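For reference, the structure is listed below as structure tokens.
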Amino acid sequence: MARAELMDFDTALERFEPVIGLEVHVELNTKTKMFSAAPNPANSEFHGADPNTLITPVCVGLPGSLPVVNGQAVRYSISLGLALGCSIAPSSRFARKNYFYPDLAKNYQISQYDEPIAFDGSVEVELGNGRTFTVPIERAHMEEDAGKLTHVGGSTGRIQGAEYSLVDYNRAGVPLVEIVTRPIFGAEADAPALARAYVSTIRDIVLSLGISEARMERGNLRCDANVSLRPRGQEQLGTRTETKNVNSMRSIERAVRYEIQRQAAILAQGGSIIQETRHWHEDTGTTSAGRPKSDADDYRYFPEPDLLPVVPAKELVEELRAALPEPPAARHRRLKAEWGFTDLEFQGVVNGGLLVEVTKTVAAGASPAAARKWWTGELTRLANAQQTDAASLATPEQVAELAALVDAGTLTDRLARQVLEGVAAGEGSPQEIIDARGLAVVSDDGALVAAIDEALASQPDVLAKIRDGKVQAAGAIIGAVMKAMHGKADAARVRELVLERAQS
Amino acid sequence: MSEISAEQVAHLANLARIALTEEEIEHLTAELGQIMQAVEKVSEVATPDVPPTSHPIPMQNVFRDDVVGETLTVEQTLSGAPETDGSRFVVSAILGEEQ
Amino acid sequence: MSDHLIRLTAAELGERLAAGEVSSVEATRAHLDRIAAVDGAVHAFLHVEGERALETAADIDRRRAAGESFGPLAGVPIAIKDVLVTEGMPSTAGSRILEGWVPPYDATPVRKVREAGMIPLGKTNMDEFAMGSSTEHSAYGPTHNPWDLERIPGGSGGGSAASVASFEAPLALGSDTGGSIRQPAHVTGTVGVKPTYGAVSRYGSIALASSLDQIGPVTRTVLDAALLHDVIAGHDPLDSTSIPEPWPSMADAVRRADVTGLRIGVVKQLDSDGFQAGVRQRFHEALELLERNGAEIVEVSAPHFEYSIAAYYLILPAEASSNLAKFDSVRFGLRVTPDGGGTVEQVMGATREAGFGPEVKRRIILGTYALSAGYYDAYYGSAQKVRTLVQRDFDAAFANVDVLATPTAPTTAFKLGEKLDDPLAMYLNDVATIPANLAGVPGISVPAGLAPEDGLPVGIQFLAPAREDARLYNVGAALEHLLLAEWGAPLLDRAPDLSRHELTATEEGAL
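Residue numbers (numbering that gives the first Met the number 0), protein chains in the order written: chain A, 0 to 503; chain B, 0 to 98; chain C, 0 to 510.
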């Protein structure tokens, strides 16, 4: 497949105005599904269950089955709507979205169409460069998730070329809130970063509300990015594409940037953009065309006859509003002050989408500085190498444990980095890795002294220099000892002992 | 409005995933045309001032508590299926894309 | 003895069982023998439980002997329309696409019937997915009217009505979306009730039109219907549209039946000379009888009823087109793979083409059209407005009367095959019954006599405001009592003796 031509990003921005729209799906972490009392796999208690074990007749659309609304999911949805600055609909109802697909147990999805639970809101999003952007929210509505398809045969594990597919309906019926922005104007060159920061902000919000596990790598939070370009000076909006399969914060930024560049190249050559759904490929950093939107668009929405309207009482809405946590911007100001970070340091945390991780790591006992260091440092480095998000590599509790081990002197900085690699690779908790690999710093001076004496004996010229007062020469001894100890020693202590032994 | 064409019927059959034969499409086109003529009279009285009713017995806020209920076993879930691999349903290759 | 047993009403049989005069095994065996003798001709059943029914009966007998106390219908056999999902018994909705499907769960009305100690005899025939008024659209062959085997038993619940009219079962469960309980009752000389929408749970009823479907009793007497109604009605948390408030006892309403001062509204638009003469005659005679016994007959107008069929044939296909989408070869039911294999889209298309009959396909396409982009407002949207207008007609009428009365259907039982080529003509059978489904109000059909011109049964329909189902049992029971006094014996005694025919015995299990 020929690689699409891309225009240089800055050039693209000169000629065209990017307009983006973002649709985020949030899986709620209620105990049960949206329309049935089956356990909800988006709740960590039921995550990873064997296929087709979280099922009631409703989940597989058995003839005669009927949906019943999960009241907790409605409350969560209202809270989310309020946190997004939305108005809550005085009367809201469900609608059927009709289309055929094997992961859709009834071949219709129960969603909301003309009466969503929340509408007309906005979210303050802070960008890395210090700019704050107001993203307009068109609506947030409730719906159910579909099952999971696994494609078998074929070379890529994707639909194209697969011989057959397997369907697991555990995920069918998981409660979703779909958040739709209005078209976002004025982001200009910040559009890719804004897309990422917006999703990160949504993630912050749902985590602070406690309504979702928000783990993108598990699909708890999914984003579709709409991108169109408008030639500068033109009134009419350009044709937009919708990019799906963006599975991490990184991908969102890259995908938006890519689409801008791809569309600009086409338009510059006099071509036109096809309105279509595109698929993001993380490995190649490109989007590819899906099927053009055609009759798939006629979803024949009609009000769901099996469900009754949702009419939230004013008292309930006010109760939920009063229980909202601080909005992100206010929380950022407070935390920055509490933690004593500089603007730049704090921005680094927020940009990396790691605010919640750092907060939880501090809550688990680490110092803010340590939390920031590990998350924005080593974990981000590992995440970039693996083309994923840092948050998916470790838990705040694990990082706090690591920081505590360093503080206690059980690990040096360098050893801690090795341990962290092990955590990210899924080998277990820091203590488990230390035990398994035998990585703890040797704290027994006796062993150190033995290694030091041997090193001194084998480098008499260095010994002489040290005795002569040239303490920098100790470096060679320290290096040799560290090597002999396989790095499992505290270099500072070794240095102390080397100087001691050298004089004796 | 009551003119419904064979192309429309074919399109509707595709939306409804029914592989109608040419003969069926022809028959249906004629029959549906007649039926549509009969049912179109609803628009005579369906003026803008009349609100639609989707539920005959008005109720609202019918919810269930967030408590796990009785589930089906895997065997029960797969019991009626034409083809399974013992834990999942098997379908042949999919042409279309997820929505 | 067994012939005597099958001629008892369910209430009478229940009393004998409670008194220990007869066992449930005996009663069940008597009905199974009857089915074996006549169902070759009637074809009311798609599945007969046979041995399993006897085991269930034996279990009830044991528990009763051990001192367990039961309700009035315990130990009484019952037939169940194949639209209801039954654990362990095939449930086909009269369609090939569900041939042989055995559900892993019970519909709520079925669960309640089992808990009441009743004995499921089997599943009865119906128009495919309840779409029809004659049971001729069943994929398994039609059911025959016990009054004249060459005639239709009504539809879509012809099997349940015929099973009861031919004494194969004392009572049955049916479903009514546009008259599918009431119209078969009318053509078979039996009693059928469509409760208020939401009175009986729809959980486990294979959905046709979600906003119109209701499950109800199919019986030979009004008391039997009331007793069964009392068993199956009530709030079900598994059905969001099920009414939460508790219901009074319908059986009590029957026992207290009294029409003194009852205001009965005759719907002008349904008292038309478009109806068969004998149907109208018996209708008016029944009203006069009630009037002589204290009721007041008043004329009412329902100007929007004439739009009900049109609205119904937009709402039902639209909802059905969506409800029937789940039949796609993936999770249950038929799978047809085109020659040489195919994508799942092609398998779905081939399966639905082979598995659905012509009437179902017709309605699915019609419904898809009514909902499609650009047509929603003109069709489905407009039909929902007609529903509002029909409800307003009912509200206005009920402001002045307690119940409404109409003939149940325009004609007596027509011959099999007579209306098959003309879908529109078939749809007109439901002109009197559809308004109640649109509005959600309850309706009953009770036998009013035989039409003089053809000797075939005629029913009279009463309608009440939503939640006032007891009024139907009141007036229905009163009329039944008065007619019984006039006739000297139940109407069904005049039905032909079926055991005269050359009949092949049916085997236990599927036919």
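Quick reminder that beta carbons are idealized off the backbone N, C-alpha and C, glycines included. Note that this is a predicted model, so its numbers are computed, not measured.
- Residue 171/C: member of the beta strand (DSSP E) spanning 170-175, first to last residue.
- Residue 40/A is outside the set of residues whose beta carbon lies under 8 Å from a beta carbon in chain B.
- Under the three-state reduction of DSSP output, residue 360/A falls in the helix class.
- Annotated as proximal: residue 194/C and residue 441/C, with beta-carbon spacing under 8 Å.
- Secondary-structure assignment with DSSP links residue 49/C through no beta bridge to anything.
- Proximity of residue 52/B to chain C, defined by a Cβ-Cβ separation below 8 Å, is satisfied.
- In the structure shown, residue 345/A adopts helical secondary structure according to DSSP, grouped into three states.
- Comparing alpha carbon positions, the residue from 42/A, 96/A, 197/A closest to residue 20/A is 197/A.
- For residue 68/A against residue 61/B, the beta-carbon gap comes to about 7 Å, under 8 Å, which counts as contact.
- Counting along the chain, residue 34/A sits inside no beta strand (DSSP E), nor does DSSP assign it H or E at all.
- Among the bridge pairs identified by DSSP, residue 174/A is matched with 143/A.
- Within a 10 Å sphere around the beta-carbon of residue 470/A sit fewer than 16 other beta-carbons, which makes this residue exposed.
- With contacts defined by Cβ atoms closer than 8 Å, residue 407/C and residue 181/C form a contacting pair.
- Per the DSSP secondary-structure output, residue 213/C pairs in a beta bridge with 175/C.
- DSSP places residue 322/A in no alpha helix (DSSP H); its state is neither H nor E.
- A Cβ-Cβ separation of about 7 Å places residue 295/C in contact with residue 261/C under the 8 Å criterion.
- Secondary structure of residue 279/A (DSSP, three-state): strand.
- Taken through DSSP and simplified to helix, strand or coil, residue 487/A comes out as coil.
- Counting C-beta atoms within 10 angstroms of its own C-beta, residue 65/C has fewer than 16 neighbours from the protein chains shown and is therefore classed as exposed.
- Only exposed fits residue 459/A, as fewer than 16 other CB atoms lie within 10 angstroms of its CB.
- With 16 or more other Cβ atoms from the protein chains shown falling within 10 Å of its own Cβ, residue 125/A counts as buried.
- Around the C-beta of residue 390/C, 16 or more other C-beta atoms lie within 10 Å, and the residue is accordingly described as buried.
- Per DSSP, reduced to three states, the secondary structure at residue 184/A is coil, with no helix or strand assignment.
- A Cβ of chain A is located within less than 8 Å of the beta carbon of residue 240/C.
- Taking 3 residues as the minimum length, the beta strand (DSSP E) runs contained wholly in the segment 36-101 of chain A are 94-97, in order along the chain.
- The beta strand (DSSP E) runs lying completely inside the segment 23-111 of chain C and spanning 3 residues or more are 44-47, 76-80, given in chain order.
- Exposed is the label assigned to residue 273/A, since fewer than 16 other Cβ atoms lie within 10 Å of its Cβ.
- In the three-state DSSP reduction, residue 131/A falls in the strand class (E or B).
- For residue 58/B, a Cβ of chain A is located within less than 8 Å of the residue's own Cβ.
- In its chain, beyond the 5 residues on either side, 127 have a beta carbon closer than 6 Å to the beta carbon of residue 346/A.
- Residue 57/C and residue 24/C have their C-alpha atoms some 6 Å from each other.
- Listed as beta-bridge partners of residue 180/C by DSSP are no residues whatsoever.
- Between residue 121/C and residue 46/C, the CB-CB gap stays under 8 Å.
- At the C-beta level, residue 494/A and residue 473/A come within 8 Å of one another.
- Under the Cβ criterion of 8 Å, residue 60/A is counted among the residues facing chain C.
- Secondary structure remark: continuous alpha helix (DSSP H) runs of at least 4 residues inside the segment 247-279 of chain C, in chain order: 249-254.
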